[in-house]
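Report on the following structure.
Number of protein chains: 2
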Amino acid sequence: MNNFTYRNPVELVFGKGTIAELRRLVPQGDKVLFAYGGGSIKKNGVYDQVRAALEGREVLEFAGIEPNPRYETCMKAVDLCRKEGVGFLLAVGGGSVLDAVKFIAAAVPFQGEPWDILAKHARVEAALPLRSVLTLSATGSEMNGNSVISRDETREKLAFYSPLVYPKFSILDPETTFTLPPRQTANGVVDAFAHTMEQYMTYPADAPLQDRLAEAILSTLIEIGPKLLEHPHDYQLRANMMWTATMALNGIIGLGVPQDWATHGIGHELTALYGMDHGQTLAVVMPAVWRFKFADKKAKLAQYAERVWGVLGTEEEKARAAIEKTEEFFRLLGVKTRLAEYGAENAVEQVPPRLAQRGVVLGERRDIGPDQVREILRLCAA
Amino acid sequence: MNNFTYRNPVELVFGKGTIAELRRLVPQGDKVLFAYGGGSIKKNGVYDQVRAALEGREVLEFAGIEPNPRYETCMKAVDLCRKEGVGFLLAVGGGSVLDAVKFIAAAVPFQGEPWDILAKHARVEAALPLRSVLTLSATGSEMNGNSVISRDETREKLAFYSPLVYPKFSILDPETTFTLPPRQTANGVVDAFAHTMEQYMTYPADAPLQDRLAEAILSTLIEIGPKLLEHPHDYQLRANMMWTATMALNGIIGLGVPQDWATHGIGHELTALYGMDHGQTLAVVMPAVWRFKFADKKAKLAQYAERVWGVLGTEEEKARAAIEKTEEFFRLLGVKTRLAEYGAENAVEQVPPRLAQRGVVLGERRDIGPDQVREILRLCAA
Chain A
1 MNNFTYRNPV
11 ELVFGKGTIA
21 ELRRLVPQGD
31 KVLFAYGGGS
41 IKKNGVYDQV
51 RAALEGREVL
61 EFAGIEPNPR
71 YETCMKAVDL
81 CRKEGVGFLL
91 AVGGGSVLDA
101 VKFIAAAVPF
111 QGEPWDILAK
121 HARVEAALPL
131 RSVLTLSATG
141 SEMNGNSVIS
151 RDETREKLAF
161 YSPLVYPKFS
171 ILDPETTFTL
181 PPRQTANGVV
191 DAFAHTMEQY
201 MTYPADAPLQ
211 DRLAEAILST
221 LIEIGPKLLE
231 HPHDYQLRAN
241 MMWTATMALN
251 GIIGLGVPQD
261 WATHGIGHEL
271 TALYGMDHGQ
281 TLAVVMPAVW
291 RFKFADKKAK
301 LAQYAERVWG
311 VLGTEEEKAR
321 AAIEKTEEFF
331 RLLGVKTRLA
341 EYGAENAVEQ
351 VPPRLAQRGV
361 VLGERRDIGP
371 DQVREILRLC
381 AA
Chain B
1001 MNNFTYRNPV
1011 ELVFGKGTIA
1021 ELRRLVPQGD
1031 KVLFAYGGGS
1041 IKKNGVYDQV
1051 RAALEGREVL
1061 EFAGIEPNPR
1071 YETCMKAVDL
1081 CRKEGVGFLL
1091 AVGGGSVLDA
1101 VKFIAAAVPF
1111 QGEPWDILAK
1121 HARVEAALPL
1131 RSVLTLSATG
1141 SEMNGNSVIS
1151 RDETREKLAF
1161 YSPLVYPKFS
1171 ILDPETTFTL
1181 PPRQTANGVV
1191 DAFAHTMEQY
1201 MTYPADAPLQ
1211 DRLAEAILST
1221 LIEIGPKLLE
1231 HPHDYQLRAN
1241 MMWTATMALN
1251 GIIGLGVPQD
1261 WATHGIGHEL
1271 TALYGMDHGQ
1281 TLAVVMPAVW
1291 RFKFADKKAK
1301 LAQYAERVWG
1311 VLGTEEEKAR
1321 AAIEKTEEFF
1331 RLLGVKTRLA
1341 EYGAENAVEQ
1351 VPPRLAQRGV
1361 VLGERRDIGP
1371 DQVREILRLC
1381 AA
């Protein structure tokens, strides 16, 4: 177990009917930018609930934040905030809207070209305050300081972190997720699962609690994932999914342990190049990373197989079974696990030079460079 | 799963060598009250590390905070803070020092008799900022807003909670716990175990993640507890214990689920009347609460037996085994589990009228009154 620091100041307001709490929680006086996505919140009643709770406030709307939010879109909101003197941001949506709003919050007071926050890790010295109403269980963005933004011009998808872009509060009403299409529900399960694995599936690090907390999340996702697809309006299932996805990436389970994140690093390229859903990229790449790094990850793969799936056998047998079981789980959720199934076989050749150009090395041992990525992509091509 | 709100703003600074971080973390200018206990920090080097890190600051010392910190002691510190215009408090010690400092922080600006914060749940409207350096893994006080204070005059031990008394930061250096006597180490394991159980051992509440997170903590304590007593200078064991005890009572595992706390409610009386260690009272009372509430808790007892202890059988068999296994675990740690072993059999008659006088009812169903407490105490008398 390594040294760590941790601070997570987000106030969570969780449960049915909690959007009305906005009225109490949102400060008086400041001008609000109410940011949302493609309009699904107008169909499921969330938009009306938010407007009702904000009655009497000065509210500007910014609609049209897309999945894998685009830098170009964010910069329109940045201009609006600067012009109108917006006091704080309210993100209403899933991880894409939250991530966009985090970037907008950091970009508004930024001196210079805000793309540098993503491309050059320019330091974020200030940010507008932001708050959120979550409508999709997946990214954990509601309780962390992470954001991932895409840019059309360069076909890049890049991430940043800042302690200044944690939401002041996040309202998590599971009922807002009742109307999600099955594909988004399934992607959310895969995303939370992969977040947990990026912090867990490395090598033994004398951290039995972190291991077991991660296994708790994995077991829960395996238990509730398929049920969610069968019973999309079951409040308890949706509530458990929402809390589980938050716990998967609020930082707790990764404290003091090595982390991988190679799957995300490669997955972002697949989204940038082929428009694959984030969850789909993870379902494809993660088993291949494990196959490629089998020797390094064998001990943890075997532990996972035994504790989470109840597999018995030799370490080798358990570790092999861990990969098979995980891939079967993704496919059971309806998420395909091979590049060819998304028409993205070209990735084997197209992704490595892009990573080489940015000098990216990945994995808990920082030993996955472009050549290793090519091998990994070959392992999930067809 | 019930609705909940959660916010925990404590910054954790975890690991060996982190006391030196005080220099960076403590604000310049404000006068510090450096509060500690009976002087063990002078023997194990912690005092010197703290003084070195505070060099150049205006520091007042307040020593002599006892285990089960006394109101009378706290009020001396309150007077000192008021007289000297102390800017913030630095607690250096275990849960007792932290709890005392939380109460002092709330009492300094309090208008009226500060005992009312404990006895009448008077609202805490303001508090001095406080920070902590933890030297004992047990209470979780380093990452919550709870405090328990005792009063000689009335032989009472009462608790309060306020969002204003979370430490700004807590430094957790596992090396500070190397020199703890075995009794304190064992009590700490029992305390963290009991905190987890108070939030878990109730009835099924459609909260699979909370259940599994609690089981993760219980399994870890069972794994490392006995080893800690054998290898008190093992850094990794001490580090895992420290993080596990913090996670047991930072609020995460109890979100949205019923909680019991009858064991603590009864245990505090045993400490107030007989001076039993807090951990000892929990080891005595908890198995008796489970025996008394066997029907209500049977489903969770059986789940715990199966998942944490690997017990198989009928629900009844597993639930019975859960109680036996737990009592064996406490005794394996050297913590006795019967009132008679502490010369405290009188509790059967002495405790119930005290609770009756305060109108206390306990348990997740609020159905444990004085008569039920008498039955519980009979079950752990001899």
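As you go down the protein sequences, you meet chains A and B in turn.
Using this note's numbering, the final residue of the first sequence is 382, and nothing's skipped along the way.
Using this note's numbering, the final residue of the second sequence is 1382, and nothing's skipped along the way.
Every residue, glycine too, gets a C-beta built ideally from N, C-alpha and C.
Because the structure is a prediction, the values reported are computed rather than measured.
Rounded separation between residue i and residue j - CA only
i, j, result
"residue 1022 of chain B", "residue 122 of chain A", "28 Å"
"residue 1244 of chain B", "residue 1216 of chain B", "9 Å"
"residue 1370 of chain B", "residue 1136 of chain B", "33 Å"
"residue 312 of chain A", "residue 1310 of chain B", "15 Å"
"residue 131 of chain A", "residue 169 of chain A", "5 Å"
"residue 1073 of chain B", "residue 1035 of chain B", "11 Å"
"residue 126 of chain A", "residue 27 of chain A", "19 Å"
"residue 153 of chain A", "residue 114 of chain A", "15 Å"
"residue 971 of chain B", "residue 355 of chain A", "Summary: the structure shown does not reach residue 971 of chain B, with chain B confined to residues 1001 through 1382, and so no result is reported for it."
"residue 1380 of chain B", "residue 1274 of chain B", "15 Å"
"residue 1175 of chain B", "residue 1040 of chain B", "14 Å"
"residue 1327 of chain B", "residue 1167 of chain B", "34 Å"
"residue 295 of chain A", "residue 372 of chain A", "14 Å"
"residue 1290 of chain B", "residue 1155 of chain B", "27 Å"
"residue 50 of chain A", "residue 133 of chain A", "9 Å"
"residue 991 of chain B", "residue 251 of chain A", "There is no way to answer for residue 991 of chain B, as the model of chain B reaches only from 1001 to 1382."
"residue 366 of chain A", "residue 83 of chain A", "43 Å"
Whole-Å CB distance - residue i paired with residue j, under 8 Å assumed
i, j, result
"residue 242 of chain A", "residue 196 of chain A", "Contact flag wrong, Cβ pair sits at about 15 Å."
"residue 1046 of chain B", "residue 1065 of chain B", "14 Å between Cβ atoms; not a contact."
"residue 1162 of chain B", "residue 1106 of chain B", "6 Å"
"residue 128 of chain A", "residue 89 of chain A", "6 Å"
"residue 1332 of chain B", "residue 1377 of chain B", "About 24 Å separates the two Cβ atoms, so there is no contact after all."
"residue 92 of chain A", "residue 59 of chain A", "Not a contact, Cβ separation roughly 11 Å."
"residue 1140 of chain B", "residue 1249 of chain B", "3 Å"
"residue 363 of chain A", "residue 260 of chain A", "6 Å"
"residue 1138 of chain B", "residue 1173 of chain B", "Going by Cβ atoms, the distance from residue 1138 of chain B to residue 1173 of chain B rounds to 15 Å, so no, they are not a contact pair."
Any C-beta of chain A under 9 Å from that of residue i
i, result
"residue 1141 of chain B", "no"
"residue 1041 of chain B", "no"
"residue 1179 of chain B", "no"
"residue 1071 of chain B", "no"
"residue 1013 of chain B", "yes"
"residue 1137 of chain B", "no"
"residue 1230 of chain B", "no"
"residue 1206 of chain B", "yes"
"residue 1258 of chain B", "no"
"residue 1009 of chain B", "yes"
"residue 1028 of chain B", "no"
"residue 1115 of chain B", "no"
9 Å Cβ cutoff, residue i in contact with chain B
i, result
"residue 197 of chain A", "no"
"residue 210 of chain A", "yes"
"residue 239 of chain A", "yes"
"residue 18 of chain A", "yes"
"residue 203 of chain A", "no"
"residue 84 of chain A", "no"
"residue 261 of chain A", "no"
"residue 2 of chain A", "yes"
"residue 185 of chain A", "no"
Close beta carbons around residue i, own chain, < 8 Å, minus the five adjacent residues each side
i, result
"residue 1255 of chain B", "1004, 1006, 1210"
Own chain partners of residue i with C-beta closer than 6 Å, once the 5 adjacent residues on each side are dropped
i, result
"residue 1342 of chain B", "1276"
"residue 233 of chain A", "178"
"residue 78 of chain A", "104, 107, 108"
"residue 305 of chain A", "311, 318, 321, 322"
Residue i CB to nearest heavy atom of the ligand NAP below 8 Å
i, result
"residue 1113 of chain B", "No copy of the ligand NAP occurs in the structure displayed, which carries no ligand at all."
Sequence-distant residues of its chain with Cβ nearer than 7 Å to residue i (five each side left out)
i, result
"residue 193 of chain A", "218, 221"
"residue 1374 of chain B", "1348, 1352"
"residue 1061 of chain B", "1034"
Exercise. Taking Cβ-Cβ distances below 8 Å as the criterion, which residues of the region 1291-1317 of chain B are in contact with chain D?
Worked result: Structure shown: chain D not included; protein chains present are A and B.
Exercise. Is the region 10-19 of chain A touching the region 1001-1015 of chain B in the sense that three or more CB pairs, one from each, lie closer than 8 Å?
Worked result: yes
For this session: Decide if the region 294-303 of chain A is in contact with the region 198-211 of chain A; the criterion is three or more beta carbon pairs, one per stretch, under 8 Å apart.
Result: yes
Exercise. At a cut of 8 Å, does the region 1094-1103 of chain B reach the region 1056-1073 of chain B through at least three beta carbon pairs?
Worked result: yes
Exercise. Taking contact to mean at least 3 C-beta pairs separated by less than 8 Å, is the region 261-271 of chain A in contact with the region 337-356 of chain A?
Worked result: yes
For this session: Check whether the region 1277-1287 of chain B touches the region 1184-1192 of chain B, taking contact to mean three or more Cβ pairs, one atom from each stretch, closer than 8 Å.
Result: yes
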